[in-house]
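Asker: Got a structure for you, questions after.
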Amino acid sequence: MKDKIAFITGAARGIGKVIALFLAKEGANVILNDIDEEAGQKASQEIQRKTGAKVSFIKANITREKEVKNIVSVIEKEFTNLHILVNNAGILSQEGIEETNLHLWQKVLEINLTGTFICTKFAIPLMKKQRYGRIINISSVAGECGGLNVGVAYASSKAGILGFTKSLAKDLAPFNITVNAVAPSLIETCMGKVFTPQQRQQVINQTPLGRLGKPEDVAFAVSFLASEKAGFITGEIIDVNGGLFIN
Amino acid sequence: MIENMDLKLEGKVGIVTGASRGIGREIALTLGRYGVSVAVNYCKDSKSAQEVVEKIENQQGRAIPVKADVSNKDEVIQMVEKTLHQFSQINILVNNAGICPFAEFFDITEKMWDRVLSTNLKGAFLCCRYVAEVMKEQGGGKIVNISSISGIVGSATQVHYCSSKGGENMLTKSLAIALAPYKINVNAILPGTVMTDSNREYYRENPELEEETLERTPLKRFGSPADIAEVVAFLCSEKADWITGSLWPIDGGFAS
Chain A
22 MKDKIAFITG
32 AARGIGKVIA
42 LFLAKEGANV
52 ILNDIDEEAG
62 QKASQEIQRK
72 TGAKVSFIKA
82 NITREKEVKN
92 IVSVIEKEFT
102 NLHILVNNAG
112 ILSQEGIEET
122 NLHLWQKVLE
132 INLTGTFICT
142 KFAIPLMKKQ
152 RYGRIINISS
162 VAGECGGLNV
172 GVAYASSKAG
182 ILGFTKSLAK
192 DLAPFNITVN
202 AVAPSLIETC
212 MGKVFTPQQR
222 QQVINQTPLG
232 RLGKPEDVAF
242 AVSFLASEKA
252 GFITGEIIDV
262 NGGLFIN
Chain B
715 MIENMDLKLE
725 GKVGIVTGAS
735 RGIGREIALT
745 LGRYGVSVAV
755 NYCKDSKSAQ
765 EVVEKIENQQ
775 GRAIPVKADV
785 SNKDEVIQMV
795 EKTLHQFSQI
805 NILVNNAGIC
815 PFAEFFDITE
825 KMWDRVLSTN
835 LKGAFLCCRY
845 VAEVMKEQGG
855 GKIVNISSIS
865 GIVGSATQVH
875 YCSSKGGENM
885 LTKSLAIALA
895 PYKINVNAIL
905 PGTVMTDSNR
915 EYYRENPELE
925 EETLERTPLK
935 RFGSPADIAE
945 VVAFLCSEKA
955 DWITGSLWPI
965 DGGFAS
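Line order of the protein sequences matches chains A and B. For the first sequence, this note's numbering begins at 22 and goes up steadily by one. For the second sequence, this note's numbering begins at 715 and goes up steadily by one.
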């Protein structure tokens, strides 16, 4: 992955941060994005210190076309190319249908699904130009089998990402751009902290490997998909769930 | 290859079935390159198996050829014993041995059906059965089944083959749950069409089939054995500790 340029959304913390770290470790130049500038800058400094890679942070709200356009033009100006896009930014909802009002539904769909669409749309021209690209979308096991402890809006947004991934894989194959999704179960991050001890235990009990996932478990799979070794894999959903949902 | 994603496979021991040629050969060579000591299983072609062993040794790896018909229980047990005798442990099993005949449905005889099912499905079961016992004792392991996209997409001229691969997919999923308590991960790779000795002749005789397959494959090419082997190595590594019961189509988007 040496000298490849990678852009990771929602990378200030959690899974996104570890993905950025791993790609940097592999030799990629990484560009982190988040809406939280302070945490994002801190994450990018930490990754730079640990890896010596070229690391940048760009604050932007991925649901705003203008801001995303701006990121892409900054990337084009500073790096010329973009090889890897990881659509990781997302928020959680836990509400069932009764408690999900239209506002919540739209907010979750906007960040998780529309944000993924916007980032992809504006990143593609750079990848097409060089006839090479790796797009990895972070979905969720909830998008495949419904949520155990998560809400309808979250599960729907993550299922939307799966359809998006498959369609896009077909669209972009002629340009040698692969598109895949990773579907994790409950991962130990700050997002995962909203679950009660009982809810966490319930997930562990239903997971054959008997533990919750770690951000590293997801980042390993993403790094593999982002590498040249995964060149014949496209349109796939990679389950990283300890056997919780065996599709 | 410019990657340095360290898979930390040095010192592991793996059995690769059907490793004298095709995809299995590439898997054996790749694991050997990552530092795995490889039992190169073959059924008939000892010369080709020996060549694979020598190639691994030439790249400073360790390997032995092991003859066994995977559909024969006694021979599988002997293969496990021979591997243990030589390398003292078994951390990796790649069930790759298989046959891939094409035949019109009304030409499929009972004998042909039995042969395909015993090599492809019973063979994978027997190897899992006896290798998992060793892994259980050792406290863990990785099993990767080389199934096929034909395990999820049907084909008129491969009814027996598709049935065996559908079975192998369910073997993978069920075994993942059964063996999770012992820290044994079980996953399957589902290659799309990879041109090897076992199908090259058929595609040469049926060029329209080649065209049709490429037409349906978004990436517009067949897979190469290396496309498959690198994924096997990843799934055999500790980087994939949290992945089990998963079916990975490696098919250029064919079935997506």
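Note that beta-carbon positions come from the ideal geometry of N, C-alpha and C, so glycine has one too.
Give every residue of the same chain whose Cβ lies closer than 7 angstroms to the Cβ of residue 181(A), excluding the five residues on either side of it in the sequence, and list them in chain order.
Answerer: As a working mapping, residue 181(A) is identified with position 160 in the first sequence. Same-chain partners within the cutoff: 134.
Asker: Note down, in chain order, each residue of its chain lying with its Cβ closer than 7 angstroms to the Cβ of residue 151(A), except the 5 sequence neighbours on either side.
Answerer: Numbered from 1 along the first sequence, position 130 holds the residue referred to as residue 151(A). Excluding positions up to five away in sequence, the list reads 102.
Asker: Compare the C-beta of residue 891(B) against all C-beta atoms of chain A and say whether one is closer than 8 angstroms.
Answerer: For this step, residue 891(B) is matched to residue 177 along the second sequence. Chain A contact via Cβ: present.
Asker: At what residues does the alpha helix (DSSP H) containing residue 72(A) begin and finish?
Answerer: On the first sequence, residue 72(A) is found 51 positions in, with the first residue counted as 1. Residue 72(A) -> alpha helix (DSSP H) spans 58-72.
Asker: Considering only DSSP beta bridges, list what residue 78(A) is partnered with.
Answerer: In the first sequence, counting from the first residue as 1, residue 78(A) sits at position 57. The partner list for residue 78(A) (beta bridge, DSSP) reads 53(A).
Asker: Return the chain-ordered list of same chain residues with a C-beta closer than 8 angstroms to the C-beta of residue 942(B), the five sequence neighbours on each side being excluded.
Answerer: Residue 942(B) sits at position 228 when you count from the first residue of the second sequence. 737, 740, 741, 860, 903, 905, 908 and 964, listed in sequence order.
Asker: With a Cβ-Cβ cutoff of 8 angstroms, do residue 806(B) and residue 767(B) count as a contact?
Answerer: Start at 1 with the first residue of the second sequence, and residue 806(B) comes out as number 92. Start at 1 with the first residue of the second sequence, and residue 767(B) comes out as number 53. No, they are not a contact pair.
Asker: At a CB-CB cut-off below 7 angstroms, which residues of chain A make contact with residue 944(B)?
Answerer: Locating residue 944(B) in the second sequence gives position 230, counting from the first residue. Here the neighbours are 250.
Asker: Where residue 227(A) and residue 126(A) are concerned, what is the direct C-alpha to C-alpha distance, given to the nearest angstrom?
Answerer: As a first step, residue 227(A) must be located in the first sequence, where it is residue number 206. As a first step, residue 126(A) must be located in the first sequence, where it is residue number 105. Their Cα atoms are separated by approximately 28 angstroms.
Asker: How far does the beta strand (DSSP E) with residue 685(B) in it extend, from its first residue to its last?
Answerer: Outside the displayed range of chain B (715 to 970) lies residue 685(B), so it cannot be described from this structure.
Asker: Taking residue 254(A) as the reference, give the member of 957(B), 961(B) and 951(B) with the closest Cα.
Answerer: Indexing the first sequence from 1 puts residue 254(A) at position 233. Among 957(B), 961(B) and 951(B), the Cα nearest to that of residue 254(A) is on 961(B).
Asker: Spell out whether any CB of chain A is found under 8 angstroms from the CB atom of residue 715(B).
Answerer: The residue given as residue 715(B) occupies position 1 in the second sequence. Legend: pLDDT at residue 715(B) = 32, less than 50; position of this residue unreliable, no value from coordinates given.
Asker: Against residue 191(A), what residues of chain B qualify as contacts under a CB-to-CB distance less than 9 angstroms, listed in chain order?
Answerer: As a first step, residue 191(A) must be located in the first sequence, where it is residue number 170. For residue 191(A), the C-beta contacts it makes with chain B under 9 angstroms involve 932, 967 and 970, in order along the chain.
Asker: Can you give me the C-alpha to C-alpha distance between residue 811(B) and residue 175(A), rounded to a whole angstrom?
Answerer: To locate residue 811(B), count along the second sequence from 1; it is residue 97. To locate residue 175(A), count along the first sequence from 1; it is residue 154. C-alpha separation (whole angstroms): 42 angstroms.
Asker: Using DSSP with H/G/I as helix, E/B as strand and the rest coil, what is residue 716(B)?
Answerer: In the second sequence, counting from the first residue as 1, residue 716(B) sits at position 2. The pLDDT assigned to residue 716(B) is 34, lower than 50, so where the model puts this residue is not dependable; a value taken from the coordinates is nonetheless given after this. Coil at residue 716(B), not helix or strand.
Asker: Using CA atoms only, rank isn't needed, just tell me which of 793(B), 824(B), 870(B) and 813(B) is closest to residue 848(B).
Answerer: Sequence index remark: in the second sequence, residue 848(B) carries index 134 (1-based). Closest by alpha carbon: 793(B).
Asker: Can you check whether the CB of residue 204(A) is closer than 8 angstroms to the CB of residue 109(A)?
Answerer: Here residue 109(A) refers to the residue found at position 88 when the first sequence is read from its first residue. Here residue 204(A) refers to the residue found at position 183 when the first sequence is read from its first residue. Contact: no.
Asker: Residue 726(B) by DSSP, collapsed to three states: which one?
Answerer: Taking the second sequence and counting its residues from 1, the one referred to as residue 726(B) is at position 12. Three-state result, residue 726(B): coil.
Asker: Could you tell me whether the Cβ atoms of residue 735(B) and residue 762(B) are closer together than 8 angstroms?
Answerer: In the second sequence, counting from the first residue as 1, residue 735(B) sits at position 21. In the second sequence, counting from the first residue as 1, residue 762(B) sits at position 48. Yes, they are a contact pair.
Asker: Can you pull the chain E neighbours of residue 261(A), defined as C-beta to C-beta under 9 angstroms?
Answerer: Here chain E cannot be found, since the structure's protein chains are A and B.
Asker: May I ask you to report which of helix, strand or coil DSSP gives residue 777(B)?
Answerer: Working through the second sequence from its first residue, we reach residue 777(B) at position 63. In the structure shown, the three-state DSSP call for residue 777(B) is strand.
Asker: With H, G and I counted as helix, E and B as strand and the rest as coil, what does DSSP make of residue 807(B)?
Answerer: Residue 807(B) sits at position 93 when you count from the first residue of the second sequence. Note: residue 807(B) maps to strand in three-state DSSP.
Asker: Compute the Euclidean distance between the alpha carbons of residue 754(B) and residue 779(B), then round it to the nearest angstrom.
Answerer: By 1-based counting over the second sequence, the position of residue 754(B) is 40. By 1-based counting over the second sequence, the position of residue 779(B) is 65. When rounded, the distance between both Cα atoms is 5 angstroms.
Asker: Go to residue 34(A), then tell me how far its alpha helix (DSSP H) extends in each direction, as first and last residue.
Answerer: Translated into the one-based positions of the first sequence, residue 34(A) becomes position 13. That residue, residue 34(A), is in no alpha helix (DSSP H); it is neither H nor E in DSSP.
Asker: Which residue comes first and which comes last in the beta strand (DSSP E) that contains residue 202(A)?
Answerer: Here residue 202(A) corresponds to residue number 181 of the first sequence, with the count starting at 1. 198-205 is the span of the beta strand (DSSP E), which, as asked, contains residue 202(A).
Asker: Would residue 146(A) be called buried (16 or more neighbouring beta carbons within 10 Å of its own) or exposed?
Answerer: As a first step, residue 146(A) must be located in the first sequence, where it is residue number 125. When all chains shown are included, residue 146(A) counts as exposed.
Asker: Which residue comes first and which comes last in the alpha helix (DSSP H) that contains residue 225(A)?
Answerer: Position 204 of the first sequence, counted from the start, is the residue given in the question as residue 225(A). Segment 218-227, the alpha helix (DSSP H) holding residue 225(A).
Asker: Name the DSSP bridge partner or partners of residue 27(A)?
Answerer: Working through the first sequence from its first residue, we reach residue 27(A) at position 6. Answer by DSSP bridge pairing, in chain order: 51(A) and 105(A).
Asker: Using 8 angstroms as the Cβ pair cut-off and three pairs as the minimum, do the region 821-839 of chain B and the region 770-779 of chain B touch?
Answerer: With a cut-off of 8 angstroms, the region 770-779 of chain B and the region 821-839 of chain B do not count as touching, because too few Cβ pairs lie within range.
Asker: By the three-class DSSP mapping on this structure, what secondary structure does residue 970(B) have?
Answerer: Taking the first residue of the second sequence as 1, we reach residue 970(B) at position 256. DSSP places residue 970(B) in the coil class of the three-state scheme, outside both helix and strand.
Asker: Where do the N-terminal and C-terminal ends of the beta strand (DSSP E) with residue 911(B) fall, by residue?
Answerer: The residue you call residue 911(B) lines up with position 197 of the second sequence. Residue 911(B) -> no beta strand (DSSP E), and no H or E assigned at all.
Asker: Is there contact between the region 53-61 of chain A and the region 230-240 of chain A, where contact requires at least three CB pairs shorter than 8 angstroms?
Answerer: no
Asker: Using a C-beta to C-beta distance shorter than 7 angstroms, which residues of chain B count as neighbours of residue 254(A)?
Answerer: As a working note, residue 254(A) is residue 233 in the first sequence. Within chain B, the residues near residue 254(A) are 964.
Asker: Roughly how many angstroms lie between the CA atoms of residue 911(B) and residue 172(A), to the nearest whole one?
Answerer: Your numbering for residue 911(B) matches position 197 in the second sequence. Your numbering for residue 172(A) matches position 151 in the first sequence. Going from the Cα of residue 911(B) to the Cα of residue 172(A) covers about 50 angstroms.
Asker: Run through DSSP, which three-state label would residue 956(B) get?
Answerer: Residue mapping note: residue 956(B) aligns to position 242 of the second sequence, counting from 1. For residue 956(B), the three-state secondary structure derived from DSSP is coil.
Asker: Helix, strand or coil: how does DSSP classify residue 875(B) here?
Answerer: Here residue 875(B) corresponds to residue number 161 of the second sequence, with the count starting at 1. Residue 875(B) falls in the helix class under three-state DSSP.
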